[in-house]
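Numbering (our numbering), first residue to last: 16 to 452. Read the structure below first, then the notes.
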Ligand SMILES: [Zn+2]
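This is the structure in structure tokens:
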């Protein structure tokens, strides 16, 4: 990737790769959408205590309650912590969820940061004394799955395929019904934070039905570049919400069983942007320089089996023919197969598991034919796309939060450099020695 030419920066707004019919549907939906302001959000509207699962939350306060995922008299009701930040002024109710899949930790980490003192103290971004409206944060929805390091609920089902749920259905359907009743159906906006499934990693991206006007506005407010326009899978939270005209977006970043700091940072950046856009907290939202609205992507699959050696990672901007990965087989040394970028584009997701069989996904590829140079204006030295919000300093870390580790001892020879000087003067090959710097 090194040696790529830097292209001159231009000011642009891009919406491309969407078919004409889809563009018209999106335009019509946005035109029919009246306004984001509702009478009950008016600053002079009546405002007071709210109740969630029989608990009262007063204006200007933060309260964490336990919501049982199952309402049972016998056995474990699976209580999950929900933190409600109830503002002093009227405004929307927004629900931010992590860990619907128990092994996806990006949302869990981002929500946990958002609930720390760096965000909720007096004068901080989420200070309830400055807040308009109500924020509900659930770091881990699938707590039983999280404890078992699993995507699924203990009955083996995927919560995100069982909404809006059924109180008389399977265990997971009952959980979905409870989550729908207490957290989703009265939300004015929902941000659902995810990571890629096991064995893969995603660069920060949103999944949204752009032809649902409220979700379209919400996605743009999040303030990142890559928006994948898709109707959600059947039974997913996003689908159920949109069917009830509730704006909902799915954020994807990082991979299962790991915490990728950049994707966590972008998630926090996005949540704060949305809150600013909805005028729930003060400040102007950040905007990306451009957006890629994509209606299609390609899964690049392995044609052979063996050991997968990834040359690039999720977020890499690729030119046609550049090598993404190589497959080799320890049983057949000397033979390798390259997987190359089929055209110019962006690798939005990449495999992280080297064990590969024919047909397994190696990369999730976004063909970006016309505007590839725009992406190339915003890459790091590794050729990876720099997502809006990822290059900021981590706003949740303050000087007082930084621990200092003291190591006792003394410098042999009396000076900090003495050992180094002796070593260098005794060493014939300086190059190998400099590796220790
Ligand atoms: Zn997920």
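For every residue, glycine included, the Cβ atom is placed at its ideal position computed from N, Cα and C. This one's a predicted model, so the numbers in the text were calculated from it and none came from an experiment.
By a beta-carbon distance limit of 8 Å, residue 222 does not contact residue 202. Their separation comes to about 18 Å. One thing to note: residue 317 has its Cβ within 8 Å of the Cβ of residue 371. Inter-residue distance for residue 380 and residue 315 is about 7 Å (C-alpha atoms, whole angstroms).
Per DSSP, residue 94 lies in no alpha helix (DSSP H) segment; the continuous beta strand (DSSP E) that holds it begins and ends at 94-101. Put simply, the region 111-120 touches the region 163-180. At least three CB pairs are less than 8 Å apart.
A direct Cα-to-Cα measurement between residue 185 and residue 384 gives close to 45 Å.
For residue 340, same chain residues with a beta-carbon under 7 Å away, outside a window of 5 residues either side, are 323, 324, 325, 326, 354 and 377 in chain order.
Distance from the CA of residue 274 to the CA of residue 161, rounded to the nearest whole angstrom, comes to 14 Å.
Restricting attention to 255, 269, 240 and 271, the CA atom closest to the CA of residue 285 is found in 240. With respect to the C-alpha of residue 329, the residue from 356, 308 and 306 having the closest C-alpha is 356. Just measuring C-alpha positions, the residue of 168, 280, 257 and 89 sitting nearest residue 237 is 280.
Beta-bridge annotation (DSSP): residue 400 is paired with 394. Within 7 Å of the C-beta of residue 272 there is not a single heavy atom belonging to ligand 1. At a threshold of 7 Å, residue 224 does not count as near ligand 1, since its beta carbon sits no closer than that to any of the ligand's heavy atoms. Ranking 218, 190 and 404 by CA distance to the CA of residue 169 puts 190 first.
Shown here, residue 379 sits in a strand according to DSSP, grouped into three states. Boundaries of the beta strand (DSSP E) around residue 266: 263-270. Minimum Cα-Cα distance from residue 389 among the listed residues 282, 332 and 66 corresponds to 332. For residue 64, there is no enclosing alpha helix (DSSP H), since its DSSP letter is neither H nor E.
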